[in-house]
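Visitor:
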Amino acid sequence: MSEVTEQMRRHSAAHLMARAIQNIFDDVQVDIGPATDEGFYYDFDLPHRLSPDDFPKIEAEIARLIALDEPFVRKVVSREECAKMLEGQHYKLDRLSDIPEGEDISTYTVGDYAEMCRGPHVEHSKQIGVVKLTRLAGSYYRGDEKNKMLQRVYGVVARDEAELKAMMERIEEAKRRDHRRLGVELDLFHLDPEDPGQIFWHPKGWSVYVTLQDYMRRKIVADGYQEVNTPALMPRSLWEKSGHWDHYKANMFITESEKRIFAVKPMNCPGALEIFKSRMRSYKDLPLRLAEFGHCARNEPSGTLHGIMRVRGFVQDDAHIICTQDQIGEEVAKFCRLLKDVYKDFGFDKNLLVKLSTMPEDHVGDEATWQRAEAALAEACKACGMDYVIQPGEGAFYGPKLEFKITDALAREWQCGTIQLDYQLPSAERLNAEYVGPDGQKHHPVMLHRAVLGSLERFIGILIEHYAGAFPLWLAPEQVRVLPVSDKALAYAEKTAEALRAIGMRVGIDSSAEKLGAKIRAATMEKLPYQIVVGPRDEANGTLSVRSRAEGDLGAMTLDAFIERVKAEKYVL
RNA sequence: GCCAGGUUAGCACAAUGGUAGUGCAACGGUUUUGUAAACCGUAGGUUGGGGGUUCGACUCCCUUACCUGGCUCCA
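Numbering (the working numbering), first residue to last: 7 to 579.
1. Name the residue from G510, P542, V578, H455 whose alpha carbon lies nearest to the alpha carbon of F477.
2. Going by CA-CA distance only, name the one from M453, S551, Y473 that's closest to R487.
3. Which runs of the beta strand (DSSP E) at least 3 residues long sit entirely within the stretch 367-424? Give them in chain order.
4. My guess is that C342 and Q322 are in contact by the Cβ rule of under 8 Å, so how many angstroms apart are they, rounded?
5. Rounded to whole angstroms, what is the Cα-Cα separation between K346 and V395?
6. Taking 6 Å as the limit between beta carbons, can you name the residues of its chain near V216, skipping five residues before and five after?
7. Give the range of the alpha helix (DSSP H) segment to which Y2 is assigned.
8. Report buried or exposed for I509, applying the criterion of at least 16 other Cβ atoms within 10 angstroms of its Cβ.
9. What residues in its chain sit with their C-beta under 6 Å from that of Y160, if we drop five residues either side in the sequence?
10. Leaving out five residues on either side along the sequence, give the residues of the same chain with a beta carbon under 7 Å from the beta carbon of P451.
11. Evaluate contact between the stretch 464-472 and the stretch 408-425, counting only Cβ atoms and requiring at least three cross-stretch pairs below 8 Å.
12. With DSSP run on the structure shown, which of helix, strand or coil describes Y349?
13. Using CA coordinates, which residue listed in G405, Y349, F259, V338 is at the minimum distance from G371?
14. Confirm, please, whether the CB-CB distance from L427 to A2 is below 9 Å.
15. Measure the C-alpha to C-alpha separation of R101 and E9 and round it to an integer number of angstroms.
16. Alpha carbon to alpha carbon, how far is K98 from D37?
17. Would you kindly work out how many angstroms separate the C-alpha atoms of I526 and A499, rounded to a whole number?
18. Just how far apart, CA to CA, sit E280 and E200?
19. Please report how far the alpha carbon of K152 lies from the alpha carbon of D51, in whole angstroms.
20. Less than 6 Å between C-beta atoms, sequence neighbours within five positions excluded: which residues of the same chain meet that for V539?
21. Counting C-beta neighbours from all protein chains within 10 Å, is the total for K132 16 or more, i.e. buried, or is it exposed?
22. For T140, which three-state DSSP category applies?
23. Which value, in whole angstroms, describes the spacing of the CA atoms of K193 and D414?
24. For H449 and L239, I'd like the C-alpha separation in whole angstroms.
25. Among the candidates I111, A73, A69, K171, whose CA atom is the shortest distance from the CA of V83?
26. Where H185 and G313 are concerned, what is the direct C-alpha to C-alpha distance, given to the nearest angstrom?
27. Return the residue from the list G335, A389, E400, S57 that minimises the CA-CA distance to R158.
28. With 16 as the cutoff for other CB atoms within 10 Å, does A434 come out buried or exposed?
29. Let me check one thing: in DSSP terms, what residues is C329 bridge-paired to?
30. Go to I470, then tell me how far its alpha helix (DSSP H) extends in each direction, as first and last residue.
31. I believe R15 touches V163 by the beta-carbon criterion, under 8 Å. Please report the beta-carbon distance rounded to the nearest angstrom.
32. Does the stretch 61-68 come within contact of the stretch 107-122, defined as at least 3 CB pairs closer than 8 Å?
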């Protein structure tokens, strides 16, 4: 028999949990319970409202079932036999009807408990190990919010108590990296419960923000973009023409002035097209790459908000490329090169997940155009050596897209970069953007919506967790702090700080009355890249005593030597 | 928005129906300090908001806002 995989153990644990819950509670309807990357879950519908207080009882029952060490027995059955077995389990029966005619229907039986399941499973229940339930959640049947919400129980599986403990410690470590926690500890930003989803950036957090933004600005200017800025508040008439009023109104913040309705922009694209339309455009102007760090507001449902990663007010490193149909391929490839170049600077180029979303059922435009567009996206990925997975039918109704995803400290995926093809917005039905072609006729251009970092807010959230708050030198809000050993060294400390500020470094001085040890501890807790200790001895020798976050005490060196060091480390990227 | 669980001082947490505490941070004083926490003192709260039960509520019930974990959605 084949080896027992982690997936098999998790999936088998899910079966035993379903059995345990049915043993304990009455009138349990079971849905499905797959293994996940982390553990497993199972969805139930039962009159009893499950709570974490129920976990010990359920875990004990699962442990009892595991200890019985019963075999998991697979059997191929007829549709009728399976339906008979599932009598009264209407979610399961509904799932049974999904299985195409002619396909094998298998069941797994363990002890007195049988379930329709594709498998595979462990051979004996003891192979599962230790099961711990971790959390409880609601989940719509078949993932559709129109359906009933079921109760989902999540759990993890470990070989033994020691491995379980190690798993729990990993979760604790991830929590320590959580950007919401570090954001407060490092005094980067705060969120006000009275103003949900809006970020108050503190001096240090804003330093990271503008440093990142300036970096991105240099990158895009070098790549042929021009930066623009468009109004935050735009009139209803514009949103009606763009289609947002019909399709996006629920997510827009709407306001009124002198009987006219305005909306805070949820996207920058109409603004970019207004600029394009402000004068007659020639095919010689294309591609036109208009970048905008525009502040957008989206009224996201309260349940979706998450720290600074999912908010209601944010800025994307947004740009709109207005081009001809023929230019799409080259523009997408150019974008992918830029994205890869940028991600490399953060170490995100390696485990990057690229998703290509193709034509949905509900779409505009003919299929041939869609196919060409999808091919252009796929081609661009290949040209840059990026693997991608296809998400069939997940594209926007106006065009296919590429999404670039990064994983946070708690293993959640976040979409950062994206490039979306849009045939709709520039069309006559929408904002009616036109250029004069070589034939002297007017044509509608194609629009590419794209962002490399996604929203700056989300990207910074990911960076905080990625670096565990220890920003690389170029991004650190305070790159160096000078620590005078006492007031007597204060003048020399100030002179040193001035010299470093003169080369554009962000420098602080700890002039508090604390002892040196306490100053070092404080700077260390704040994760500063460099600390420079100065005292009478340094002043006499004309040196600095340097401490690096990565390497500890580096001993005495001259100011010039330190400057050489930070230049080599690229204190500006 | 939906399901579940939370909300106690700036932060991290305690107090299971009977006088709201501890640590760090803050503030004041003393100490002038050489590589991860000097010492002493002070102040800080209508226990998220509102309502109810009770002689008495941080504690029990209802309601509301927000947060957390998922689901749906999404940068």
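No residue lacks a Cβ here, since even glycine has one placed at the ideal position from N, Cα and C.
Guide: Concretely, from the data shown:
1. V578
2. S551
3. 395-397, 407-413
4. With a Cβ gap of about 18 Å, C342 and Q322 do not count as contacting.
5. 17 Å
6. none
7. In the structure as shown, the chain begins at 7 and stops at 579. Residue 2 is therefore absent and cannot be evaluated.
8. exposed
9. Y47, T140, R141
10. L292, I328, C329, T330, P432, A439, Y441
11. yes
12. helix
13. G405
14. In the structure as shown, the chain begins at 7 and stops at 579. Residue 2 is therefore absent and cannot be evaluated.
15. 29 Å
16. 6 Å
17. 15 Å
18. 35 Å
19. 16 Å
20. L489, S551
21. exposed
22. strand
23. Position check: residue 193 holds Asp in this sequence, whereas Lys was assumed. Near 20 Å, if we compare the C-alpha coordinates of D414 and D193.
24. 29 Å
25. I111
26. 8 Å
27. S57
28. exposed
29. V452
30. 462-472
31. 5 Å
32. no
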